[in-house]
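Have a look at the structure below, then the notes.
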Amino acid sequence: MSNRDAQIEVLQGTLDLMVLQTLSSMGPQHGYAIAARLEQVSGGALQLNMGTLYPALMRLEQRGMLRGAWGTTDTNRRARFYSLSPAGRAALTSERRSWERMVAIIQALINEA
Amino acid sequence: MTSGLRGLREWIQRLLGTVRGGRPDEDLEEELRAHAALAAEAGTRERRSIDSALEALRDQRGLPWLDALKSDTIFGWRQIARHRAVSAASVLTLGLAIGATIAAFRIVDAVLLRPLPVADSDRLFYLQVSYVDSRGEPDTREDFDYPTFIAYRDLLARVADVMVVGMSHPADATIGDSQQAERVLRQFVSGNVFGTFGLTPALGRLIGPSDDTAGAPPVAVISYDYWTRRFHQDPRAVGTVLRYGDRVFDIVGVSPKAFIGTEPGLVPDVFVPATSNTEALNSPGWSWFLIWVRAKPGITPDHVRQVLQADFDREHQARLKGFSSDTPRKTIEAFLSEQISLLPAAHGASPIQKHLGSPLWILMALVGLVLVMACATVGNLLTGQTLSRAKEMALRVSIGAGRARLMQLVLVESAILALGASALGALFAWWAAPAVLAMIEPIEIPVRLVLDFDWRLASFGAVLAVLVTALFGFAPALRASSVTPVTALKGDDARQSRRVIKSLLVVQMTFCAFVLFAAGLFRATFDRLSSQSFGLSYDHVLVLAANARNDDGRTAHWLQLADAVRRLPGVESAAVSGWPLLSQNGWQETVHGGDRGADGRPEYLLGVSPDFFKTLHVDLLEGRDFRQGDAGPRLDAIDKPVGGVGIVNVAFAQRYFGGRNPVGERVLVRQEKDVDAPLDIIGLVSNTAYRTVRERMRPIVFVPYSGVGQGTLLVRVAGEPAAFGQTLARTLRREWPGARMREVRPARDFIDTQMVVERLLARLTGSFATLALLLAGIGLYGVVNDAVIQRRREIGLRMALGAQATDIVRHVTIGSLVLVSVGLLAGLGAGVAFGRLIGALLFQVTPTDPVALAPPLAILATVFALASLPPAIRAIRTDPTETLKRE
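Chains A and B, in that order, are what the protein sequence lines are. Offset between the first sequence (1-based) and the working numbering: plus 33. Residue 95 in the working numbering is what sits at position 102 of the second sequence, and the numbering runs on without skipping anything.
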């Protein structure tokens, strides 16, 4: 991999927020589309493998934040599409708020130094 | 939704995923393949393989540890089903041992551990006086008289609630309009008992302070148990009347269901106010109840005790002034050293607790040992099995199973066995606990214990199952987990496993020898107690006890009754005495004279009518029996001593006359302080026991029955005594309508009642010993058999070279014989120490007695021979050519 150094580790607990936000802005998506979107947004820095992404999706589904259902892609492939549930939308709002607070705190800390 | 709730939801989903399967593997795989295909289409390469991603998904779908447990359970069950014989033996062995343990616990719990269902039970205490008895042995008593209660109630008014808590006694009563007398278990309570206990009635009202005053209308409260049994929970029971003799009590209420009295083992039928026992209220020395106290808030029990002890000491100093001038110093010192103490009453206080307390703990301990033995036996069987599974374990290790994983595998299998055994044990305990209770039955009053299934029993069972699993599963699990492919192939592992098996065998043998030894001690105690001669015959003898007003005609009535009974067909002889010998009653007076001169000492006395000795088959050796008109030494109307006649036994003649014929001699018998009356000896009889079965033959002076105190009629019948009870009761009603019958019972009861504990211990430890032997036999067989199989080739070689059968047998058994000997020595050593500890429960047996040591040795030798026989025979039948050909 050429851009290995440029890759970053997914911060613990942030993957859920990324997935929820992606689905919120793009509507129902299958797993590959979510991964591709995150890679694109991060400029290739964030490359999720299947072993990380799909257990996370399953966990969110088990927590009642996502709903998964089989459908077909534009290229007529069968794929599992995930959509936000009302609980997921509520979770996204609160997660986003706490993320913003965290960012502000870190920012303040760094500025002080 | 909070994150905690979301986490819970995820966990439940994963639990369901484990139990029900969740999304199937194909579904997950299809999704991953779709992802890979989409990635390929877009020209990117997926780094993770589908397989490893699928593994991660599976872990997220369910709970991985639960998944492992599930597969281990399925695998373990298959293992158990495959080794059907070993599994069945394991479950049966453990089941019996667990059942015996639970049964023992049920009884220990019901008698000793269960807290009374009353308010602040941990602040309740009962009073106990410690004293030194006439033989110099320390003893305790818990019963008090009413004047003492009044004194203590006033003394402690500011620091504690003081209560009369009676000892339940059977009494004859009639209920409602019924003329039929019924026996009810009656308990006297002071008016503050129910209030202090914080009880609310199931029906009507309970006894209150206003009911417990002189002159209050007599009321009674019946127990829930009695209400159910006698009245079938009819609410009209309240308002019914209850008659004791000429006293009429109104039933005013039913006590709550949970309250089963204050004496575990006895459930009273009726509670009545203490003041209704009118004759006893002003009788110092008539002790008929326990005193319970509850310290007031902020007062320590020790403070209450100090207040009591100070008063107790004052009172003793005062009483000392009434002692005879010739009272020995030792007696005075013993009297002044008496102590009063507070004992916790949170678990109640009953004679059954006092008598069965330590025997029950001993039984519990022995049953625990048997359980450990059972665990060792099953552990051995399973270790043997893991031995044969070494290859399977090695395979698991080579494909990457960790130590913990292998241990879990074996432990899960053990847990399944333990579960089966627990179920079997619970069934066994259900049956066994009441059967054990039936053995305590001959105590005068039927024993009733609450043996309900409750959380106490359930949690005990659960803890037991876990413990048992750990105990027997641990050795094989440890063995299994230490398997490495290399050792498994080389066979080192087998050697190590055999070491585990051998050390477990030593443990088994130690415990087996110990249990066997203890059982032998209790058996010998019971045998010696029951086979000893009491100097009298109680077979075919009935005892009738009756109450009558204390008047001058009493003696004549008793003697007339005896005459009337003597004329009945089927009666061989009849006599009256104050109480039966061996009824644990006693009467002692100081006797002077004979060779001992003025050196007086207390001796047993008993008032008996003519024919007493004939009725009990006691030999009259010299002189004559009593006749109508004989009288004993006594005080006359102006308290001047008057001489009388008496008959003494051989022990008395030994002590006072050096064994000479004492007939015609005279001794002095103390009548009151410093006043003696002469007694002329008119007869000599053979020795008999007096008070208890454990007492040796002591000097006794028999005097003519004078009707003072109690009275009983002894009747020797030709046929079966039990059938004669009704006739006796009828005769009493006809001949002496003024008397009220207390009871008729076979005289043999007086002996049996005193050996209840010994019988219980002998029988139960006997069955534990049988179980222990069976377990030891199984263990031994396994080890010897293993030795034979292991050395098949060697044996074949030896036989081919001309070894004798005896050599072969010695060769295969010598190893286990050493193990057995080590265990035996350890077990017997522990047994001797234990025997010293429980000396008080033994009778004429000492732990180092050859009689006690020999049976366990002989029995274990026999078991060893029996268990080694089949494998030894197989060893000498080995066909050398066949074996060598196979190798």
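A virtual CB, placed ideally from N, CA and C, is assigned to each residue, including glycine.
Q: Take Gly208(B) as the anchor and find which of Phe507(B), Leu835(B), Asn270(B) and Pro873(B) has the nearest alpha-carbon.
A: Asn270(B)
Q. Under a Cβ-count criterion, where at least 16 other Cβ atoms within 10 Å of its own Cβ denotes burial, should Ile33(A) be classed as buried or exposed?
A. Look at the range of chain A in this structure, 34 to 146, and you will see that residue 33(A) is not part of it.
Q) Okay, do the region 813 to 829 of chain B and the region 846 to 859 of chain B touch, 3+ Cβ pairs below 8 Å being the bar? A) yes
Q) For Met34(A), which three-state DSSP category applies? A) Residue confidence for Met34(A) is low, a pLDDT of 39 falling below 50, so the modelled location carries little weight; the figure read from the coordinates is stated next. It is coil, neither helix nor strand.
Q. Between the beta-carbon of Ala798(B) and the beta-carbon of Ile869(B), is there less than 8 Å?
A. yes
Q. Using the C-alpha atoms, what's the distance from Phe504(B) back to Leu362(B)?
A. 6 Å
Q: Could you tell me if Met135(A) is buried or exposed, where buried requires 16 or more neighbouring beta carbons within 10 angstroms of its beta carbon?
A: exposed
Q.
Check whether the region 254 to 263 of chain B and the region 151 to 161 of chain B are in contact - that is, three or more C-beta pairs closer than 8 Å.
A. yes
Q: May I ask which residues mark the beginning and end of the alpha helix (DSSP H) holding Phe884(B)?
A: The displayed coordinates of chain B run from -6 to 880. Any statement about residue 884(B) would go beyond what the structure contains.
Q: Go ahead and pull the three-state DSSP assignment for Ala408(B).
A: helix
Q | Contact residues within the region 76 to 88 of chain A, judged by C-beta distance below 9 Å to chain B | A | Gln80, Asn82, Met83, Gly84, Thr85, Leu86, Tyr87 and Pro88
(Q) Contact between the region 8 to 15 of chain B and the region 27 to 47 of chain B is defined here as three or more beta-carbon pairs at a separation below 8 Å; is this criterion met? (A) no
(Q) What residue range does the beta strand (DSSP E) around Tyr124(B) cover? (A) Leu117 to Val125
Q) Interface residues of chain A around Leu31(B) at Cβ under 9 Å? A) His63, Gly64, Tyr65, Ala66, Ala69, Thr106, Thr108, Arg110 and Ala112
Q: Give the residues of chain B in contact with Gly97(A), contact being defined as C-beta atoms less than 9 Å apart.
A: Met(-6), Arg(-1), Arg2, Glu3 and Gln6
Q: Report the residue from Leu81(A), Ala120(A), Leu117(A) and Gln95(A) whose alpha carbon sits nearest the alpha carbon of Leu1(B).
A: Gln95(A)
(Q) If you measure between the beta carbons of His76(B) and Gln378(B), is that distance less than 8 Å? (A) yes
Q) Secondary structure at Arg(-1)(B), three-state DSSP: helix, strand or coil? A) helix
Q) Of the residues Gln332(B), Gly315(B), Phe316(B) and Leu283(B), which one's Cα is nearest the Cα of Asp306(B)? A) Gln332(B)
Q) Rounded C-beta distance between Val231(B) and Val245(B)? I'm assuming under 8 Å. A) 6 Å
Q: Please classify Thr293(B): is it buried, with 16 or more other beta-carbons within 10 angstroms of its beta-carbon, or exposed?
A: exposed
Q: Determine, using beta carbons only, whether Arg92(A) comes closer than 8 Å to chain B.
A: yes
Q | Proximal residues to Ser317(B) (C-beta, below 7 Å), its chain only, five neighbours per side dropped | A | Lys666 and Asp667
Q | Distance between Ile215(B) and Val564(B) (C-alpha atoms, nearest Å) | A | 41 Å
Q. Using DSSP with H/G/I as helix, E/B as strand and the rest coil, what is Trp103(A)?
A. strand
Q | Cut-off 6 Å between Cβ atoms - residues of its own chain near Val263(B), not counting five sequence neighbours on either side | A | Val177, Arg179, Ala213 and Ile215
Q: Starting from Met160(B), follow the beta strand (DSSP E) in both directions and report where the run begins and ends.
A: Note, Met160(B): premise wrong, no beta strand (DSSP E); not H, not E.
Q: Give the secondary structure of Trp220(B) by DSSP, where H, G and I count as helix, E and B as strand, and everything else as coil.
A: helix
Q: Consult DSSP for Trp70(B) and reduce its assignment to one of helix, strand or coil.
A: helix
Q. By DSSP, does Asp618(B) sit in helix, in strand, or in coil?
A. coil
Q | Residue-chain proximity (Leu25(B), chain A), Cβ-Cβ < 8 Å | A | yes
Q) Whose C-alpha, out of Asp204(B), Leu404(B), Phe761(B) and Val534(B), is nearest the C-alpha of Ala97(B)? A) Phe761(B)
Q. Would you report the Cα separation of Leu574(B) and Ala682(B), rounded to the nearest angstrom?
A. 7 Å
Q. Which first and last residues belong to the beta strand (DSSP E) in which Trp281(B) is found?
A. Neither: Trp281(B) is in no beta strand (DSSP E) and is coded neither H nor E.
**Q.** Cβ shell of Phe836(B) (< 7 Å), same chain only, five flanking positions each side left out
**A.** Thr518, Arg521, Leu522 and Arg687
(Q) By DSSP's criteria, Gln62(A) is part of a beta bridge. Which residues make up the other side? (A) Tyr115(A)
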